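Take a look at the structure below.
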Amino acid sequence: MNDSRFEKLARLLVQYSCALRPGENILIELTDVPDEMGIALVRAVRAAEAVPIIEMRHSRISREVQRATTPAHAELVKTIELHRMQQMQAYIAIRGAHNSSEGSDVPSDRQQLYARTLRPLLDYRVNDTKWCVLRWPTPSMAQAANMSTEAFEDFYFDVCTMDYARMAAAMEPLVARMKAADRVHLVSPGTDLSFSIRGIGARPCEGLRNIPDGEVFSCPIRDSVEGRISFNTPTLYSGTKFENVRLEFSKGRIVKATSSNDKRLNEILDTDDGARYIGEFSLGFNPYILNPMCDILFDEKIAGSLHFTPGQAYEDCDNGNRSAVHWDMVLIQRPEWGGGTVTFDGEVIRKDGLFLPEDLQGLNPDRLK
């Protein structure tokens with residue numbers, strides 16, 4: 003079935019998110035995505051006079067690949083995939099797994115082995131290509147969002163093709179404030195957390211790397227995190243769902259971690275030493291995304307939210323932390339979720355999900371929509 007929304011999304015990804023230039027190579031990886039979307043992307047790439055390389059994947063097969071992987075197998079996959087990625091200037095991935103828990107029964111040691119071995123592939127893609135990653139709408143996503151399939155599809159295309167250039171302009175004052183800030187203090191029910199982001203920098207996310215988008219991120223100085231944080235949204239990692247995650251920190255390290263599944267949570271945090279330190283701090287403000295659906299590409303952009311991330315730091319806001327894990331955990335601070343404040347160097351810059359300083363009010367929902 004031809005859907006004009008496929009073509010609109012493909013053009014945004016190719017022309018805006020990846021800004022493809024003539025002659026550039028782009029790898030397009032599609033998991034459980036309709037052929038028609040793949041065709042729309044290939045045509046958009048060729049219209050930009052670039053070169054498409056496309057691969058169709060399936061989540062059930064990916065599960066089986068990891069389920070009994072070995073060091074030799076994972077190393078071979080890394081060698082082949084990394085060589086291919088090194089030929090690319092851009093990368094688009096759309097993932098539409100029909101079962102978000104498909105990997106839940108893959109043994110933890112196999113998942114950790116595969117993630118550690120293939121980490122150089124992810125690092126190269128993140129640091130050396132123009133890339134964009136997004137989900138594809140499925141009935142299971144609609145169910146997680148408590149919406150009908152048709153209503154969710156309409157929501158998906160609306161939020162994924164919004165005016166990101168306008169949002170980008172509104173982000174600039176927040177980027178400047180985060181770059182200048184030293185001490186950050188987060189307060190919410192069950193949360194009293196402080197840390198420093200001095201000298202780390204800040205990065206706007208305006209539809210160039212993730213769709214949907216709408217966040218500005220930085221990173222704590224590795225050993226500066228002190229206190230506790232309680233996340234009020236569910237989180238999914240490697241096919242396992244966690245609720246009521248609570249982390250306690252001392253000198254930057256997670257010294258206590260509890261959730262609805264303490265054993266699995268701590269197994270993941272014990273993947274390597276870096277998994278118990280933080281690799282990202284971010285404020286989310288997409289005005290169209292209000293409630294969690296256990297899909298991090300949406301949940302981390304929720305209006306009035308923040309996320310705090312055990313594991314790997316991004317090189318463009320780097321505290322030196324290295325890990326096979328990068329696990330975004332989301333806290334919503336709007337009043338109906340318990341409220342809360344974000345303070346930079348003694349100034350409350352966001353209260354109950356709304357930015358207070360005049361220069362930041364352009365990021366509030368009534369101004370972004």
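Numbering-wise (our numbering), the sequence shown opens with residue 3 and increments by one. We put the CB at the ideal spot given by N, CA and C, even for glycine. As the structure is a prediction and not an experimental result, all values here were calculated from the model.
- According to DSSP, residue pairing for Thr237 in a beta bridge involves Phe244.
- Going by DSSP, Met39 is part of the alpha helix (DSSP H) stretching over Asp37 to Ala49.
- In this structure, DSSP gives Phe310 an extended state, which the three-state scheme calls strand.
- The beta carbon of Arg248 sits closer than 6 angstroms to those of Ser232 and Thr260, all from its chain and outside the five residues before and after it, given in chain order.
- Out of Arg7, Ala182 and Ile280, the CA that lies nearest to the CA of Arg230 is found in Ile280.
- The continuous stretches of alpha helix (DSSP H) do not include Tyr279, and DSSP gives it neither H nor E.
- For Ser64, the enclosing alpha helix (DSSP H) covers residues Ser61 to Arg69.
- Secondary structure in the segment 191-227: the beta strand (DSSP E) runs of 3 residues or longer, each lying completely within the stretch, are 193-198, 205-207 and 217-220 in chain order.
- In the DSSP assignment, Thr343 falls within the beta strand (DSSP E) that extends over Thr343 to Phe346.
- Annotated three-state conformation of Phe287 is coil, per DSSP.
- As for any alpha helix (DSSP H) of minimum length 4 sitting wholly inside the segment 117-157, the runs are 141-146, ordered along the chain.
- Assignment of Arg369 by DSSP, reduced to helix, strand and coil, places it in the helix class.
- Distance from Leu32 to Met39 at the Cβ level is roughly 7 angstroms; contact confirmed, criterion being Cβ atoms closer than 8 angstroms.
- Secondary structure note for Leu271: its alpha helix (DSSP H) is the uninterrupted segment Asp264 to Leu271.
- Gly203 and Val186 have their alpha carbons spaced roughly 13 angstroms apart.
- For Lys353, the enclosing beta strand (DSSP E) covers residues Glu349 to Lys353.
- If the five residues before and after Ser226 are omitted, its C-beta is found closer than 7 angstroms to the C-beta atoms of Phe197, Ser198 and Gly254, all from its own chain and listed in chain order.
- With distances taken between CA atoms, Gln89 lies nearest to Lys132 out of Phe283, Ala49 and Lys132.
- With fewer than 16 other beta carbons inside 10 angstroms of its own, Arg168 counts as exposed.
- Shown here for Arg62: same chain residues with a beta carbon closer than 7 angstroms to its own, the five before and five after excluded, namely Glu104 in chain order.
- Using a Cβ distance threshold of 8 angstroms, Leu333 and Leu308 count as a contacting pair.
- DSSP, read as helix, strand or coil, puts Thr72 in coil.
- By alpha-carbon distance to Asn321, the top candidate from Asn234, Gln335 and Arg224 is Arg224.
- In this structure, the straight-line span from the alpha carbon of Pro289 to that of Asn366 is close to 7 angstroms.
- Between Thr235 and Pro294, the CB-CB gap stays under 8 angstroms.
- By the Cβ test, the segment 46-53 is not in contact with the segment 139-157, since fewer than three Cβ pairs between them sit closer than 8 angstroms.
- Residues of the same chain with a CB within less than 7 angstroms of the CB of Ser19, apart from the 5 flanking positions on each side, are Cys134, Gly209, Leu210 and Ile213 in chain order.
- About 6 angstroms separates the Cβ atoms of Phe219 and Cys319, confirming a contact at the 8 angstroms cut-off.
- With contacts defined by Cβ atoms closer than 8 angstroms, Asp330 and Glu302 form a contacting pair.
- For Ala21, there is no enclosing alpha helix (DSSP H), since its DSSP letter is neither H nor E.
- Exclusion of the five residues before and after Thr273 leaves Gln114, Ala326 and Val327 as the residues of its chain whose Cβ lies within less than 6 angstroms of its Cβ.
- Scanning its chain for C-beta atoms nearer than 6 angstroms, with the 5 sequence neighbours on each side dropped, one finds around Phe159 the residues Arg7, in chain order.
- The beta carbons of Leu271 and Pro312 sit about 6 angstroms from each other, so the pair counts as a contact at 8 angstroms.
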